[in-house]
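J.: In order, the protein sequence lines correspond to chains F and G.
The opening position of the first sequence corresponds to residue 126 in my numbering, with each subsequent residue numbered one higher.
The opening position of the second sequence corresponds to residue 126 in my numbering, with each subsequent residue numbered one higher.
Number of protein chains: 2
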Amino acid sequence: MTTADTPLLLAPTWIAPVAPANGVLTDHAIVIRGSRIEALAPLSVARNNYPGSSELALPGHLITPGLINLHTHAAMSLLRGVGDDLPLTRWLEEKIWPAEARLAGADFVADGALLAAHEMLRGGVTTFNDMYFFPEATASAARTLGIRAALGIIVIGFPTAYASSAGEYLRKGLELRDACAGDPLLSFCLAPHAPYTVDDDTLRRVAVLADELDLPVHIHIHETAGEIDRSLSQHGVRPLARLDRAGLVTPHLIGVHAVHLDDDEIGLLASRGAAVAHCPHSNLKLASGIAPIARLLDAGVTVGIGTDGSASNNRLDLLAEARTATLLAKGASGRADIWPAAAVLRSLTLDAARALGLDRCIGSIEPGKQADLVAFDLDASELQPVFDPLTQLIYSAGREHVAEVWVDGQHVVKMRQLGSTDAARTLREVVARIPVWQNRVVSA
Amino acid sequence: MTTADTPLLLAPTWIAPVAPANGVLTDHAIVIRGSRIEALAPLSVARNNYPGSSELALPGHLITPGLINLHTHAAMSLLRGVGDDLPLTRWLEEKIWPAEARLAGADFVADGALLAAHEMLRGGVTTFNDMYFFPEATASAARTLGIRAALGIIVIGFPTAYASSAGEYLRKGLELRDACAGDPLLSFCLAPHAPYTVDDDTLRRVAVLADELDLPVHIHIHETAGEIDRSLSQHGVRPLARLDRAGLVTPHLIGVHAVHLDDDEIGLLASRGAAVAHCPHSNLKLASGIAPIARLLDAGVTVGIGTDGSASNNRLDLLAEARTATLLAKGASGRADIWPAAAVLRSLTLDAARALGLDRCIGSIEPGKQADLVAFDLDASELQPVFDPLTQLIYSAGREHVAEVWVDGQHVVKMRQLGSTDAARTLREVVARIPVWQNRVVSA
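1) Just confirm the distance between the C-beta atoms of glycine 237 of chain F and alanine 288 of chain F, as a whole number of angstroms; I'd bet it's less than 8 Å.
2) For lysine 494 of chain G, write down the residues that DSSP places opposite it in a beta bridge.
3) At 7 Å on the CB atoms, spell out the chain G contacts of glutamine 517 of chain F, in chain order.
4) Using only the alpha-carbon positions, how far apart do leucine 134 of chain F and glutamine 535 of chain F sit?
5) Could you give the distance in angstroms between the alpha-carbon of alanine 447 of chain G and the alpha-carbon of valine 469 of chain G?
6) Which term fits methionine 126 of chain G, buried or exposed, when burial requires 16 or more other beta carbons within 10 angstroms of its beta carbon?
7) Please identify the residue among G:Arg565, G:Trp531 and G:Ala557 whose C-alpha is closest to the C-alpha of leucine 270 of chain G.
8) Extract the residue ranges of the beta strand (DSSP E) inside the region 150–222 of chain F, only unbroken runs of 3 or more that lie entirely within it.
9) In the structure shown, what three-state DSSP assignment does isoleucine 278 of chain F receive?
10) At 4 residues or longer, and completely inside the region 228–255 of chain F: list those alpha helix (DSSP H) runs for me, N to C.
11) Give the DSSP-derived three-state secondary structure of aspartate 303 of chain F in the structure shown.
12) Taking alanine 146 of chain F as the reference, give the member of F:Val384, F:Arg296, F:Thr285 and F:Leu475 with the closest Cα.
13) Would alanine 461 of chain F count as contacting chain G if we go by Cβ distances under 7 Å?
14) Among the residues of its own chain, which have a CB less than 8 Å from the CB of alanine 224 of chain F, if the five just before and after it don't count?
15) List the DSSP bridge partners of isoleucine 140 of chain F.
16) Taking its Cβ as the centre, do 16 or more other Cβ atoms sit within 10 Å of arginine 307 of chain F, making it buried, or is it exposed?
17) May I ask you to list the residues that DSSP assigns as paired with alanine 316 of chain G?
18) Evaluate glutamine 542 of chain G with the Cβ neighbour count: other Cβ atoms within 10 Å of its Cβ, from every protein chain shown; 16 or more gives buried, anything less gives exposed.
19) For leucine 439 of chain F, return the contacting residues in chain G, with the cut-off set at a CB-CB distance below 7 Å.
20) Taking just the CA atoms, how far does glycine 488 of chain G sit from arginine 479 of chain G?
21) Got a sec? Which residues, its chain only, sit under 6 Å from proline 376 of chain G by beta carbon, not counting five neighbours each side?
22) Say yes only if the C-beta of leucine 310 of chain G is nearer than 6 Å to one or more non-hydrogen atoms of the ligand NAP, and no if none qualify.
23) Under the three-state reduction of DSSP, which class applies to glutamine 563 of chain F: helix, strand or coil?
24) Taking DSSP as the reference, what is the three-state secondary structure of histidine 347 of chain F?
25) Alpha carbon to alpha carbon, how far is tyrosine 175 of chain F from lysine 220 of chain F?
26) Between the Cα of alanine 291 of chain G and the Cα atoms of G:Leu299, G:Gly298 and G:Ile281, which residue gives the shortest distance?
27) So, is methionine 540 of chain G buried or exposed, given that buried needs 16 or more other C-beta atoms within 10 angstroms?
28) Of the residues that make up the region 480–508 of chain G, which ones have a beta carbon closer than 7 Å to any beta carbon in chain F?
29) With a threshold of 7 Å between beta-carbons, can phenylalanine 512 of chain G be considered close to chain F, or not?
30) Measure the C-alpha to C-alpha separation of threonine 451 of chain G and alanine 262 of chain G and round it to an integer number of angstroms.
31) Would you mind sorting valine 333 of chain F into buried or exposed? The rule is 16 or more other CB atoms within 10 Å of its CB.
32) Indicate whether at least one CB of chain F lies closer than 7 Å to the CB of lysine 410 of chain G.
33) Assuming glycine 249 of chain G contacts arginine 524 of chain G under a Cβ cut-off of 8 Å, what Cβ separation, rounded to an integer in Å, is found between them?
34) Using the C-alpha atoms, what's the distance from alanine 424 of chain G back to alanine 402 of chain F?
35) Cα separation between isoleucine 140 of chain F and leucine 483 of chain F?
36) Can you tell me where the beta strand (DSSP E) holding alanine 400 of chain F begins and where it ends?
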């Protein structure tokens, strides 16, 4: 009889554990008990050691750690396609900000985040690092779908429907963090929006909180050349120097975009152990530029990958993002061997987990870690032949090949569909409301 | 009763005809009779005018002209993933050329091309422009699956299992062209491999044939900086100047890659009415560079998009290629509004058809043209909401949303699967042989 304590033995053709060794195992099994990975062992050993386990054979499948989307604004999926093909300033000022000002309340965030969480889960994302208003609504969507979320304690220098001052933004976010303590799926980052929307005093307060509470700091930096010019004229220094002055360039820092960096700034990020969340589709689509990924990797900076929100991408498709990321790094640097597939997989998993302070819990397939896993079906004819399952994953496979997903030991995607009937029902209810949101965007 | 002559009335939510107007129609229907588009009309008008037609309602679907892959080496799908993450020279010299020398016979081409044709059809590609040895085997694969192919009359300056001299290459290709005369799915291009593999005399012969037979000339040009340097030292001119000297820079020219072009060269291509086949994933993966697409478009050069072969991409996924193409053009030029979605769709269809000399037959949804059509299911929750079906197609949709495909009036993909049981059986036979090919690649 199968109970909650019965171990589940997963037997795919290939396993990419990422750590301690970043390679591919065959004839091995992963044993899940409850929410955790209990063992990773040769199949025959696993069968001997766990005789009462249920076994799921996955021929032709590759299991990796769950993918981590290191930067998104999940709720913006309801604004997907608003203002495409516009320059950044017109896109923000004519389309996105007015729509957000009219619509972005807790109900908008709840529906948008649920759609986003569904899209991400079915694409193999098991954790997303979010920055948006009303994070309590995003938390609720994540719980409903069973996806892990690192929620941003957002602070921005102007009032919104969510909060009216830096103090209120921080207080609300910290209260949510307290209320969610002990929730296995939720963690938190401090999320000052950007150097150009947050004042020095608030940046210093964020630095103190990051230090005292041991929280990552999730912030947009150096996305466009224009914001650097404005910082120089307004503050006399480039934005990263302002963050450094405030005490924010530390191992807690997750700098999003980081498109425009000089060598000293790359050296600073590396020496302080800061991480970068690279969002190539968004940077290209908004014509922000091409991040200096080869130089960041050469310097030893931890690089994760993010989709950004649906309004600037427009797919929350982390595997496609990763493929573009490494291709673009090769093309822009002239080095075809930079960021090879195994390193890209580590960026998508363990490196992103480290940036989020979660690498003791997730990011690799090691005994004792939480069971966040993705099974990719590499048996499809368009993925044949498989000379190397890792390069096949990064260069050939797509989210359409994600077959099974586990988060915290729960089998949340089964044969490409949501595993929970409750989650599926909630999704249908949200989908039914989309035309209402769409009308409100268009008619406003 | 439905017969071959019964008109088929397609009634999707949206139709993007590309020409004469490049917009989106709603409440319209496409009427197919036999292999042709008989009408495009308001739904009520179509129903009145074709009372005996069978009707296929496609709610939530967008129908576009079939996509045209303007550059591939279909047979190379059997080498997908060989030599990933290697620099171009090592990739070619250590991996690809040795494997081709050992394996590339007619049976290899037949199986590889069939796998490629299946991948392309299911991704919405209805025509592919191919360059490879043993084009008769590629022709056979295209016929089996019912996909349209522009076959390359390849010529390359060294002997292979296919032919041993320029004369033999050309003779074999031209004989195949004669043998295929009247086949509705097949057309031909002259396909001298590249300036660095074809001598001046052969280039001049190709120019004469192109002129006399009114055939496009499909050739790699200016893919890498190195080939330009070598041309300067060996011939005293850049490769495009050599082509021009041979009389090849004309409206017949389809220059593949065109990564490294100066302003004069862009002006030359524009003034002569030549076309470029842009292959961004291949250019990035092999670190060849980033083609100057914004400048080419500004100059009025016809730009189509190609996947290149599976060994350098590794997906024959033209929609993903198009998305990267426009995103990269925006990011590299700093102009977020360049190559908007409607223009990208025209590049994928009518512009590519024009480059192939097929724009009187395909490339738009107009009465009298052949019925090459794709229906994309935009109803998926990850594509909601749909503010603009064209931007949703280019920026959000993927090949996983291709639901139905018609080529030459045949319904070749039905509900995401091959429509022909014979084609499906042949595909299964080829898939069963993949491990044999894989062993021959690895063990050699």
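Glycine included, each C-beta is placed from N, C-alpha and C at the ideal position.
T.: On the basis of the supplied data:
1) Residue numbering aside, residue 237 of chain F sits at position 112 when the first sequence is read from its first letter. Residue numbering aside, residue 288 of chain F sits at position 163 when the first sequence is read from its first letter. A Cβ-Cβ distance of about 18 Å is found for the pair glycine 237 of chain F and alanine 288 of chain F, leaving them out of contact under the 8 Å criterion.
2) Translated into positions along the second sequence, residue 494 of chain G becomes position 369. For lysine 494 of chain G, which the question treats as bridged, DSSP gives no partner whatsoever.
3) Along the first sequence, read from residue 1 onward, the residue named residue 517 of chain F stands at position 392. Gly206, listed in chain order.
4) Position 9 of the first sequence, counted from the first residue, corresponds to residue 134 of chain F. Position 410 of the first sequence, counted from the first residue, corresponds to residue 535 of chain F. Distance between the alpha carbons of leucine 134 of chain F and glutamine 535 of chain F is about 14 Å.
5) Taking the first residue of the second sequence as position 1, residue 447 of chain G is located at position 322. Taking the first residue of the second sequence as position 1, residue 469 of chain G is located at position 344. Their Cα atoms are separated by approximately 7 Å.
6) Along the second sequence, one-based indexing puts residue 126 of chain G at 1. In this prediction, methionine 126 of chain G has a pLDDT of 47, which is less than 50 and means its spatial position is unreliable; nothing more can be read from the coordinates.
7) In the second sequence, counting from the first residue as 1, residue 270 of chain G sits at position 145. Leucine 270 of chain G has its Cα closest to that of G:Trp531, out of G:Arg565, G:Trp531 and G:Ala557.
8) If we require 3 residues or more, the beta strand (DSSP E) runs fully inside the region 150–222 of chain F come out as 153–158, 161–167, 179–190 and 192–197.
9) Here residue 278 of chain F refers to the residue found at position 153 of the first sequence. The answer is strand: DSSP assigns isoleucine 278 of chain F an E or B state.
10) Note on the region 228–255 of chain F: whole alpha helix (DSSP H) runs with a minimum of 4 residues are 231–247, in chain order.
11) Stepping through the first sequence from its first residue, residue 303 of chain F is reached at position 178. Here DSSP, grouped into helix, strand and coil, assigns aspartate 303 of chain F to helix.
12) In the first sequence, the residue the question calls residue 146 of chain F occupies position 21. The option with the nearest alpha carbon to alanine 146 of chain F is F:Leu475.
13) For the purposes of this step, residue 461 of chain F is taken as the residue at position 336 of the first sequence. A Cβ of chain G is located within less than 7 Å of the beta carbon of alanine 461 of chain F.
14) Here the question's residue 224 of chain F lines up with position 99 in the first sequence. Hits under 8 Å: Leu204, Val207, Val566 and Ala569.
15) As a working note, residue 140 of chain F is residue 15 in the first sequence. In the DSSP assignment, isoleucine 140 of chain F forms a beta bridge with F:Leu150 and F:Ile188.
16) Taking the first sequence and counting its residues from 1, the one referred to as residue 307 of chain F is at position 182. Correcting the residue identity first, residue 307 of chain F is glycine in this sequence and not arginine. Classification for glycine 307 of chain F: exposed.
17) Against the second sequence, residue 316 of chain G aligns to sequence position 191. Beta-bridge partners assigned by DSSP to alanine 316 of chain G: G:Ile279.
18) Within the second sequence, residue 542 of chain G is the residue found at index 417, counting from 1. Label assigned to glutamine 542 of chain G: exposed.
19) For the purposes of this step, residue 439 of chain F is taken as residue 314 along the first sequence, with counting starting at 1. What sits at residue 439 of chain F in the sequence shown is asparagine, not leucine. Residues of chain G with a Cβ closer than 7 Å to the Cβ of asparagine 439 of chain F are, in chain order, Tyr520 and Ser521.
20) As a first step, residue 479 of chain G must be located in the second sequence, where it is residue number 354. As a first step, residue 488 of chain G must be located in the second sequence, where it is residue number 363. Their backbone Cα atoms lie some 8 Å apart in a straight line.
21) Locating residue 376 of chain G in the second sequence gives position 251, where the first residue counts as 1. The answer, listed in chain order, is Gly398.
22) This structure lacks the ligand NAP; in fact it carries no ligand of any kind.
23) Taking the first residue of the first sequence as 1, we reach residue 563 of chain F at position 438. Here glutamine 563 of chain F sits in helix by DSSP.
24) On the first sequence, position 222 is the one that residue 347 of chain F refers to. Histidine 347 of chain F falls in the coil class under three-state DSSP.
25) What you label residue 175 of chain F is simply residue 50 of the first sequence in a count that begins at 1. What you label residue 220 of chain F is simply residue 95 of the first sequence in a count that begins at 1. Those two C-alpha atoms are separated by around 57 Å.
26) Along the second sequence, one-based indexing puts residue 291 of chain G at 166. Looking at the Cα atoms, G:Ile281 is the closest of the given residues.
27) Counting from one through the second sequence, the residue named residue 540 of chain G turns up at place 415. With fewer than 16 other Cβ atoms within 10 Å, it is exposed.
28) Taking 7 Å as the Cβ-Cβ cut-off, the region 480–508 of chain G approaches chain F at Ser506 and Glu507, given in chain order.
29) Position 387 of the second sequence, counting from 1, holds the residue named residue 512 of chain G. Closer than 7 Å to some Cβ of chain F, the Cβ of phenylalanine 512 of chain G qualifies, so yes.
30) Reading the second sequence from its first residue, position 326 is the one you call residue 451 of chain G. Reading the second sequence from its first residue, position 137 is the one you call residue 262 of chain G. Rounded to whole angstroms, threonine 451 of chain G to alanine 262 of chain G spans 34 Å at the Cα level.
31) Here the question's residue 333 of chain F lines up with position 208 in the first sequence. Around the beta-carbon of valine 333 of chain F, fewer than 16 other beta-carbon atoms lie within 10 Å, marking it exposed.
32) Working through the second sequence from its first residue, we reach residue 410 of chain G at position 285. The beta carbon of lysine 410 of chain G falls within 7 Å of a beta carbon belonging to chain F, placing the residue at that interface.
33) The count along the second sequence starts at 1 and reaches residue 249 of chain G at position 124. The count along the second sequence starts at 1 and reaches residue 524 of chain G at position 399. Confirmed, about 6 Å.
34) Translated into positions along the first sequence, residue 402 of chain F becomes position 277. Translated into positions along the second sequence, residue 424 of chain G becomes position 299. Distance between the alpha carbons of alanine 402 of chain F and alanine 424 of chain G: 36 Å.
35) Here the question's residue 140 of chain F lines up with position 15 in the first sequence. Here the question's residue 483 of chain F lines up with position 358 in the first sequence. So the two alpha carbons sit approximately 21 Å from each other.
36) Position 275 of the first sequence, counted from the start, is the residue given in the question as residue 400 of chain F. From DSSP, the beta strand (DSSP E) with alanine 400 of chain F extends over 400–403.
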